[in-house]
Ligand SMILES: Nc1ncnc2c1ncn2[C@@H]1O[C@H](COP(=O)(O)OP(=O)(O)OP(=O)(O)O)[C@@H](O)[C@H]1O
Ligand SMILES: [Mg+2]
């Protein structure tokens with residue numbers, strides 16, 4: 054077993070005439086929090102979309118835990134243990150906290166007419182178990198939220214919604230969590246709290262690895278072990294936050310952007 058959980062090898066993605074990712078190679082170590090940074094349109098979300106099987110790659114390959122998962126279906130990638138949150142919130146606002154989280158655990162509840170009619174008792178027991186699992190996961194982020202599991206998500210402030218999105222990703226007990234701009238729409242203090250939560254998750258979860266895409270450099274500096282910098286789909290730097298922040302090409306890529 055190598056120390057590397059994920060590897061992109063010469064990954065390329067073209068959308069018509071736009072090369073969103075250009076011969077991009079990188080790796081993620083087990084248990085690592087990696088910052089994937091770069092100006093707008095540099096290919097960060099596209100990396101997540103290729104990794105999670107949303108779009109096929111135009112070239113190159115993706116290895117997860119030694120297995121080639123290039124162009125596998127989103128379902129297969131999820132089953133392999135890769136989950137994500139989205140740049141724009143994707144909660145169902147009228148649904149409860151519990152329902153929103155269980156959307157992230159499609160493997161567990163055996164629903165359907167037969168399961169309901171034939172095994173009501175078994176179904177009830179299964180429901181209670183999953184509810185308790187979801188509730189205790191939420192409680193690790195916020196005791197207040199854990200007491201409000203049946204309330205609609207739409208009534209909650211942004212930080213609580215973001216916590217629920219992260220719980221939805223974590224409920225399937227993934228090995229790799231992808232966070233696409235988790236601070237978006239939040240205040241500085243809220244972001245700081247959320248980052249503390251994320252560090253706690255990593256400290257608890259045995260071997261959970263995280264890739265975080267984020268424009269807030271304070272966040273990247275605080276929580277990442279290592280950074281990879283993209284510009285126009287190409288990797289231009291890699292190293293600790295201090296190393297990449299001091300890099301002339303990185304500073305140049307960000308000029309006029311931040
Ligand atoms: N589905 C798509 N169809 C066409 N072009 C796309 C598509 N998705 C992304 N692109 C293009 O690929 C490039 C990279 O986009 P991407 O969304 O990966 O950037 P990003 O680094 O996530 O940017 P941001 O920081 O603004 O979220 C951009 O030029 C974008 O317009
Ligand atoms: Mg993006």
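Residue numbers (the numbering used here): 54 to 311. The beta carbon of each residue, even a glycine, is placed where N, CA and C say it ideally should be. Because the structure is a prediction, the values reported are computed rather than measured.
query	result
Straight-line Cα distance separating residue 287 from residue 301	15 Å
Beta bridge counterpart(s) of residue 280 as assigned by DSSP	88 and 292
7 Å Cβ shell around residue 311 - same chain, five flanking residues per side excluded	Since pLDDT at residue 311 reaches only 47, below the 50 mark, its modelled position is unreliable, and no value is offered.
Neighbourhood of residue 142 by C-beta, 7 Å cutoff - its chain only, sequence neighbours within 5 removed	214 and 218
Paired residues, beta bridge with residue 112 - DSSP	65
Meets three-Cβ-pair contact criterion under 8 Å: the segment 103 to 120 and the segment 57 to 76	yes
Residue 229 - containing beta strand (DSSP E), residue span	229 to 233
Given residue 221 as reference, the closest of 239, 234, 81 and 188 once Cα atoms are compared	188
Where residue 76 sits in the DSSP three-state scheme	strand
Environment of residue 102 [buried if 16+ CB atoms lie within 10 Å]	buried
Residues that residue 137 bridges to, as DSSP identifies them	231
CA-to-CA distance, residue 74 to residue 100, given in whole angstroms	8 Å
Residue 138 Cβ short of 7 Å to ligand 1 heavy atom set	no
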